[in-house]
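**Student:**
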Amino acid sequence: MNGPQAMLPLQLECTLYFENNPYAYETVDGLSVRLGRKAEDLEKILEHLVSLNIVEVIGKGATAIYHYNQPELVHGVEV
Amino acid sequence: MEKKEKNLQTLQDAFSNFLGIQIVISNEQGEEVTRRSGDSRFVDFLLDQKDLVEERKRIIGQFHNISSPIIYDFQPGIKTFVAPIAVNTSQKYYLWTSFVIDEGTRKFIHQVFEQNDPSKDLKSVIDEVPEVTDEEKNQMLERIGSLCQMIAKHFEADTNDSIHSSSLIQETLKDVATKHLSMTTLLRRVKEKGKLGFIGVAERTKTDYFSIQFFCGPDEVSIENKKFSTGEGFLGEVVALGKGKLWKDVSKDPRVAFFMANGLKPVSIVAYPLIHDDHTIGVLFAGSFEREIKQNEFQSFGEWLAQLVTIHLQKQHLEGKLNQYDLQISTFNDILQLMTTMKDVKRVLFVLVDISINLTNTPFSFVILKPNHGKSQATVISRGLHGDEIQQMGSELAQRYFHSDGQSKQLSPTLIKPSHREDQAFIIPIHYQDEVLGCLAIGAEGFEKWDEISHFLSNLAMATGVIISKNTEEADKTDKVIQSLYLSISQHQPVEFASIQEEQQLLKDFLIWKGYSYNELQPVIDAAKLKSIEETILHEVLTRHPTLGFIHEFKRLQSLEANPELDDAKFREESQFLYLVWSYIKSNRDVKKLDSIRAVQNQWKSEFKMYVSKQDALEVTIELSSSSQEGRKNLIDSIPKDISISKREKEVLNLVIQGYSNKEIASELFISDHTVKNHVTNIFHKLNVTDRAQAIAKVYQHSATNRETLVK
Amino acid sequence: MNNNVVNTGVNGLDRVLYGGIPRGNTVIVEGFPGTGKTLLGMQFLYQGAVQHDEPGIYITFEEFPDQIYKDMKAFGWDIRKLEEENKLRVITLSPEVLMDQMMKPDGLFEHLIHEIGCKRIVVDSISLFQYSYASIEEQRKVIYSFRNTLRKYQLTSILLKEMTSVEEENVSFINYLVDGVITLTLKPYSKNYRKRTLEVTKMRGSRIQEGEHLYRITDEGIYLIPALSMVEDEVITAPVDTVPTAIPAMDRILGGGIHDGATFTIDTNSKSNYRYIVTAIKSGRIKAGQKLLIFLSSLTTISELESNFKKYDLDLAQIVKEGNITFVEHYRRNVPKEYKDAIINVSDLDNEQYRRVMNEQIFSMIEQGVANGEKWFVYYDLNTIASQRGSEFVKLYFGVEVAKISSLGVSTLVFTNFKELGEETSGFVERSSNGVIRTWVDGNYQFLQITKTPNGTISEPLLVEKIDEKPFIRLV
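Residue numbers (the numbering used here), protein chains in the order written: chain A, 1 to 79; chain B, 1001 to 1712; chain C, 2001 to 2476.
1. Can you pull the chain B residues whose beta carbon is under 9 Å from the beta carbon of Q2130 of chain C, in chain order?
2. Pairing CB atoms from the region 1537-1556 of chain B with CB atoms from the region 1011-1027 of chain B, are three or more of them under 8 Å?
3. What residues of chain C sit near H1674 of chain B, judged by a beta carbon separation below 7 Å?
4. Are the CB atoms of I2057 of chain C and L2112 of chain C within a distance shorter than 8 Å?
5. Quick one: is L52 of chain A near chain B, going by C-beta distance under 8 Å?
6. DSSP three-state call for M2365 of chain C: helix, strand or coil?
7. Using C-beta distances below 7 Å, list every residue in its chain close to H1312 of chain B, excluding the 5 sequence neighbours before and after it, in chain order.
8. Beta carbon of I1636 of chain B, beta carbon of V1680 of chain B: below 8 Å?
9. Excluding sequence positions up to five away, which residues of its chain have a Cβ less than 7 Å from the Cβ of A1599 of chain B?
10. Name the two residues that bound the continuous alpha helix (DSSP H) containing E2084 of chain C.
11. Can a CB atom of chain B be found closer than 8 Å to the CB of Q2051 of chain C?
12. Going along chain C in order, which residues have a C-beta closer than 7 Å to the C-beta of K1570 of chain B?
13. Got a sec: is the Cβ-Cβ distance from H1702 of chain B to anything in chain A below 8 Å?
14. Of the residues C:Y2018, C:G2369, C:K2404, C:L2314, which one's Cα is nearest the Cα of R2355 of chain C?
15. Just the Cα atoms here: how many angstroms apart are I1021 of chain B and G1038 of chain B?
16. What is the rounded straight-line gap between the Cα of T1172 of chain B and the Cα of L1235 of chain B?
17. Helix, strand or coil for K2087 of chain C per DSSP?
18. Run the CB neighbour count on F1670 of chain B, radius 10 Å, all protein chains shown included, and call it buried at 16 or more, exposed below.
19. Between the C-alpha atoms of S2303 of chain C and T2268 of chain C, what's the straight-line distance to the nearest angstrom?
20. Quick one: list the residues of chain C neighbouring T27 of chain A, beta-carbon separation under 8 Å, in chain order.
21. Let me know the secondary structure DSSP gives S2229 of chain C once reduced to three states.
22. Going by the CB atoms, is the gap between L1338 of chain B and L16 of chain A shorter than 8 Å?
23. Can a CB atom of chain E be found closer than 8 Å to the CB of T63 of chain A?
24. Closest to I2409 of chain C by C-alpha separation, out of C:I2366, C:K2470, C:V2097, C:G2211, would be which residue?
25. Would you report the Cα separation of K1593 of chain B and K1609 of chain B, rounded to the nearest angstrom?
26. Could I get the ranges of all uninterrupted beta strand (DSSP E) runs contained in the region 1368-1398 of chain B, with 3 residues as the minimum, in chain order?
27. What's the call for F1108 of chain B, buried or exposed, on a 16-neighbour Cβ count within 10 Å?
28. Among the residues of its own chain, which have a CB less than 6 Å from the CB of F2377 of chain C, if the five just before and after it don't count?
29. Taking only beta-carbon positions, decide if N21 of chain A is within less than 8 Å of chain C.
30. According to DSSP, which residues form a beta bridge with L946 of chain B?
31. Apart from the five residues just before and just after E1131 of chain B, which ones in its own chain have a Cβ nearer than 8 Å to its Cβ?
32. Quick one: what does DSSP say S32 of chain A is sitting in, helix, strand or coil?
33. With H, G and I counted as helix, E and B as strand and the rest as coil, what does DSSP make of A1441 of chain B?
34. Is it the case that the Cβ atoms of S1288 of chain B and G1197 of chain B are separated by a distance below 8 Å?
35. Kindly say whether A24 of chain A, judged by its beta-carbon, lies nearer than 8 Å to any beta-carbon of chain C.
36. Does any residue of chain A bring its CB to less than 8 Å from the CB of I1357 of chain B?
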């Protein structure tokens, strides 16, 4: 993988999956089955999405579980 | 058409039942368009004697100008109500009721008819015509008036065939999001569904002319590649205006020659400029051959379509740029498709925020929605900015984009330097036509390829604009119906109305105290407002609205109370609260009477009683302390020292006492819902209580003991 | 409401369990594929969330969540909406990951349970543990600690278990470990049909109604009829102008019963026992306070009717005495004295005279009654009319008479045998009816199918089962 942007389409695909399933909890293997994509590619992308705070991770290694990290939603901002 | 008339029948049946009179609705020719609902022997008698269609036609001829209900003397002393229903400018219905006579005039009427009635048949039917007082007559006039308005309002939305319906907008939006749909296919679908004669799109050429690139009209006719310049003809006019326009009755207008030369003979024409990033990139136009295009078709659907066509056109331009960026148009379509399936605007905005972070890897992405008119509090969705930063960015963007009414609006993406930040931010307004609905702000630090992705993001923002405005329009429509139904109660039943107002306030306060969010409690409050209206009417005008379920359960609770052995079905707690508050207000706020209510579970009764007594206590406390703020502080300080409550927990408890829900506390203290829940659980544990009500009671108990000690 | 039991979301099952599953119990639901385990599990969670405000988690090892959302939509259950309301979560994980997260302090499992305040759990399916853990020892250990964790959080849980044709030793270990076992089976019944049964074989802390209870999968999920329940318990909420038939299953298909003004045809062959079906429908009408016009046939005599009615606790003589039944008799037979006034004998009349009597005497009597607010029901024996008046008469006048009756708001049950009536005439009768009930005998079983209804629903062929209590038949 040549830098984070090279896999951008797959990265967006992952993001959209979690946005569409905001309550899903997925392991890399699980996600690989759902999206029909290679687990090793997904692993790097998920890592990147975690660094962007778009997904959260619970645990480490093969049993790490990823799920959507909802952006901060604030009502009542004075304008 | 059929559905419309079925609805009409249901509304009419319900009202006839409600008012206790026979009602029928006719068209302008006097022909009945509904079945008569309710009985009237006098009308049956008349049917044998006269052709009522002719009679109605005669009366309509006399009174075709009326705009509100009238009382008409059909025979000397025998009166009927006639009311006009203006469904739209071209269509009018009339509502007819059975007959009434004025109080005390029956004898006189008999005398009048005695000579003409040798068989004495008339005598017995006249005896069945009800007598009414002047007051009753006026009341009926008012009620019939509001029925007519209700019918008119309801049909206003459904009329104008399919082109107005929001499902068409939804469908078209989905069409735009599909991968391989061509512009021609899109236009052809709109033409068929909207019953248009032709429809087309012109694009700006390099020489600043506009050239018709897509056209869909009658077979074998095409005006593709025809050109016009800014200001020229109908289509050039909208480019110059920068706004859409509808022309009716154009057959004699010289400018119609543009179309006539190719054999098109439109009756009305509508055209919209296609604007992207402040530039007019093309024109969408359509025409009709037989019918006039109506004003509201033009305003609602046409403008949507213009924006959707713009997005569709822009997708082609995206293609070239995206390739350099390792992105494909299919990705854009995937995102758009997901957005169109989401029912919740909030989630659409999540997508927008996340996609921009994905594309740029920048420190923050931030969306602010312009508050509704007259409100000063906005909703923000943010990644990377927190607390004060959100506040600052919010007011900065509002200053630039929401308060600039009158000035020329900047709708294209720009790079700005926020006054409170070191770094720059890239701003993309979310707009629908020329109205700004919100803003997307992306941190610009460390990212240089704006040119490449700005098209992508601004096109996405544009689609977001369409989705937001569509959602608010639908919500507004339902709100308006609820509001107008509610106000109609104030006309019919002023006494009832006053107690409903009292009731819904108490219910609202109670539910907030229980921790309900605004979205959760709104349908319950609506149920409190509308429950005195017939269910059939409500189902007709508020199809599948969540409030209907609560009203239904409320009515079942009412009958269960009267008839406890009916069944022991389970009711949602909201419905039980609704019923509880209603009974409480009805008993003039007599707490003791609450115990005798059988239909409500004891658990809810005692909770509500606790709330009511707490309210009383609160009023007392406020009197004691110099300011309520200070009063609450004292309250919390009065908790014994051996119960060690942290500073944060005190803050949370303070808000709990004020009746804040967990969600509200979270946003007040800028912590997550989850954290609030934790704090609250800890507080309960420390105070040795199991719920909010008990916690509040405990705090008040301590404060009372403290005062006693002080006095001693 | 008993707070110590958890409603299962299936009313019939709650009754079998005398209220529900004891709170905190871990229950196995086992069955072969296609028995409705997933549905039962989801129904438990959905109804728990919606009716009782008890949030739940559905843990699946195999199904895609998307598929579950879609499948449940068919029952009108919007799972996504419940997720947004924090009342339900659907989690797809492998057994190892689940166990890993369960054992960890502050793992996903604990996190989720706290996040939504979870009270109910469904695991789909526990059988997969055996693929993830090689040795039986290990499997047992894992399942044991799994159950203990569920108990620790006081979760009422349903563990779905696939049944295989070979019952393994290990399986009984699981059943021993849990608090309850519910078995779903799908048994062949006659050659083409199968019947679904549910049996509770174990439930700690609760009495159970023993035996196999029948259930069906309906639009609203699993519907279970406890085997020992009295039919009278099955209160059907009928719309105002329908009258129940006294056979609950039939009423469900008909949307509450037979609508006033509707014409229903019952088509039978001579072998099938239609007596109870017909009497059940008539008795429903009598109990609803309606008046009856009954055509007597060569097979049904007054005394036979008397004994049929008696089974439904109705005293025919008394009803006749009160003037609530009128008979049309096509045969010359002796009748008990007390019925004489109620019988209009048409045996000597030719077709022309018969029509006149029908019009002038019978229909005008009904018309008058209806005008006075009476409700009427006509039992029209078309077999008798066809044999006594000829099929030509049926073709000419049946439609007219039925239309006349129906226009008065009176419902009719037409009793006939399509086969004997001939194709043309029976086609005509079928078209003129609002509903058609067919019953026939095939092998050792009698079937009943509702092939036409005013609301458009058609039933599958139901088995007619003879039972000892009223209404003496049950449709399965």
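Using N, Cα and C, we set each Cβ at its ideal position, and we do this for glycine too.
**Tutor:** With the given structure in hand:
1. Counting from one through the third sequence, the residue named residue 2130 of chain C turns up at place 130. Taking a Cβ-Cβ threshold of 9 Å, none of the residues of chain B is close to Q2130 of chain C; the smallest such distance is about 36 Å.
2. Between the region 1537-1556 of chain B and the region 1011-1027 of chain B, the count of C-beta pairs closer than 8 Å reaches three or more; the two stretches touch.
3. The residue labelled residue 1674 of chain B in the question sits at position 674 within the second sequence. Chain C residues near H1674 of chain B: E2115.
4. For the purposes of this step, residue 2112 of chain C is taken as the residue at position 112 of the third sequence. For the purposes of this step, residue 2057 of chain C is taken as the residue at position 57 of the third sequence. Between L2112 of chain C and I2057 of chain C, the C-beta spacing is below 8 Å.
5. Position 52 of the first sequence, counted from the first residue, corresponds to residue 52 of chain A. With 8 Å as the cut-off, L52 of chain A counts as an interface residue toward chain B.
6. Working through the third sequence from its first residue, we reach residue 2365 of chain C at position 365. It is helical.
7. Reading the second sequence from its first residue, position 312 is the one you call residue 1312 of chain B. In the same chain as H1312 of chain B, and ignoring 5 residues on each side of it, the C-beta atoms closer than 7 Å to its own belong to V1176, M1183, L1186, in chain order.
8. Counting from one through the second sequence, the residue named residue 1636 of chain B turns up at place 636. Counting from one through the second sequence, the residue named residue 1680 of chain B turns up at place 680. It is not a contact, given that the beta carbons lie outside the stated cut-off.
9. Indexing the second sequence from 1 puts residue 1599 of chain B at position 599. Beyond the five residues adjoining it in sequence on each side, A1599 of chain B comes within less than 7 Å, by CB distance, of L1557, L1560, E1561, Y1579 in the same chain, given in chain order.
10. Here the question's residue 2084 of chain C lines up with position 84 in the third sequence. For E2084 of chain C, the enclosing alpha helix (DSSP H) covers residues 2079-2084.
11. On the third sequence, residue 2051 of chain C is found 51 positions in, with the first residue counted as 1. With 8 Å as the cut-off, Q2051 of chain C counts as an interface residue toward chain B.
12. In the second sequence, counting from the first residue as 1, residue 1570 of chain B sits at position 570. Result: Q2051.
13. Translated into positions along the second sequence, residue 1702 of chain B becomes position 702. It does not: the Cβ of H1702 of chain B has no partner Cβ on chain A nearer than 8 Å.
14. Numbered from its first residue, the third sequence carries residue 2355 of chain C at position 355. Per the Cα distances, C:K2404.
15. The count along the second sequence starts at 1 and reaches residue 1021 of chain B at position 21. The count along the second sequence starts at 1 and reaches residue 1038 of chain B at position 38. Near 6 Å, if we compare the C-alpha coordinates of G1038 of chain B and I1021 of chain B.
16. Locating residue 1172 of chain B in the second sequence gives position 172, where the first residue counts as 1. Locating residue 1235 of chain B in the second sequence gives position 235, where the first residue counts as 1. T1172 of chain B and L1235 of chain B: Cα-Cα distance of roughly 23 Å.
17. Here residue 2087 of chain C refers to the residue found at position 87 when the third sequence is read from its first residue. Judged by DSSP in its simplified three-state form, K2087 of chain C adopts coil rather than helix or strand.
18. Here the question's residue 1670 of chain B lines up with position 670 in the second sequence. That one is exposed.
19. Within the third sequence, residue 2303 of chain C is the residue found at index 303, counting from 1. Within the third sequence, residue 2268 of chain C is the residue found at index 268, counting from 1. Rounded to whole angstroms, the separation of the alpha carbons of T2268 of chain C and S2303 of chain C is 22 Å.
20. Counting from one through the first sequence, the residue named residue 27 of chain A turns up at place 27. Neighbours of T27 of chain A on chain C, chain order: L2093, S2094, V2097.
21. Along the third sequence, read from residue 1 onward, the residue named residue 2229 of chain C stands at position 229. Summary for S2229 of chain C: the model assigns pLDDT 40, below 50, so the residue's position carries little reliability, and this model does not support an answer.
22. Locating residue 16 of chain A in the first sequence gives position 16, where the first residue counts as 1. Locating residue 1338 of chain B in the second sequence gives position 338, where the first residue counts as 1. Yes. Within cutoff.
23. Reference to chain E is not applicable here, since the protein chains of this structure are A, B and C.
24. For this step, residue 2409 of chain C is matched to residue 409 along the third sequence. A small fix is needed here, since residue 2409 of chain C is Gly in this sequence, not Ile. The candidate whose alpha carbon is nearest that of G2409 of chain C is C:I2366.
25. In the second sequence, residue 1593 of chain B corresponds to position 593, counting from 1. In the second sequence, residue 1609 of chain B corresponds to position 609, counting from 1. Between the alpha carbons of K1593 of chain B and K1609 of chain B lies a distance of about 11 Å.
26. You should have 1377-1383.
27. Position 108 of the second sequence, counted from the first residue, corresponds to residue 1108 of chain B. Exposed, by the Cβ-count rule.
28. Counting from one through the third sequence, the residue named residue 2377 of chain C turns up at place 377. Correct list, in chain order: R2285, Q2290, L2292, S2411.
29. Translated into the one-based positions of the first sequence, residue 21 of chain A becomes position 21. The beta carbon of N21 of chain A sits closer than 8 Å to some beta carbon of chain C.
30. Within the shown structure, residues of chain B are numbered from 1001 to 1712, placing residue 946 of chain B beyond reach of any answer.
31. Here residue 1131 of chain B refers to the residue found at position 131 of the second sequence. Answer for E1131 of chain B: V1100, I1101, D1102, E1103, G1104, T1105, R1106, listed in chain order.
32. Residue 32 of chain A sits at position 32 when you count from the first residue of the first sequence. Here S32 of chain A sits in helix by DSSP.
33. Position 441 of the second sequence, counting from 1, holds the residue named residue 1441 of chain B. It is a strand residue.
34. If you number the second sequence from 1, residue 1288 of chain B lands on position 288. If you number the second sequence from 1, residue 1197 of chain B lands on position 197. It is a contact, given that the beta carbons lie within the stated cut-off.
35. If you number the first sequence from 1, residue 24 of chain A lands on position 24. With 8 Å as the cut-off, A24 of chain A counts as an interface residue toward chain C.
36. Taking the first residue of the second sequence as 1, we reach residue 1357 of chain B at position 357. Answer yes: the Cβ-Cβ gap between I1357 of chain B and chain A drops below 8 Å somewhere.
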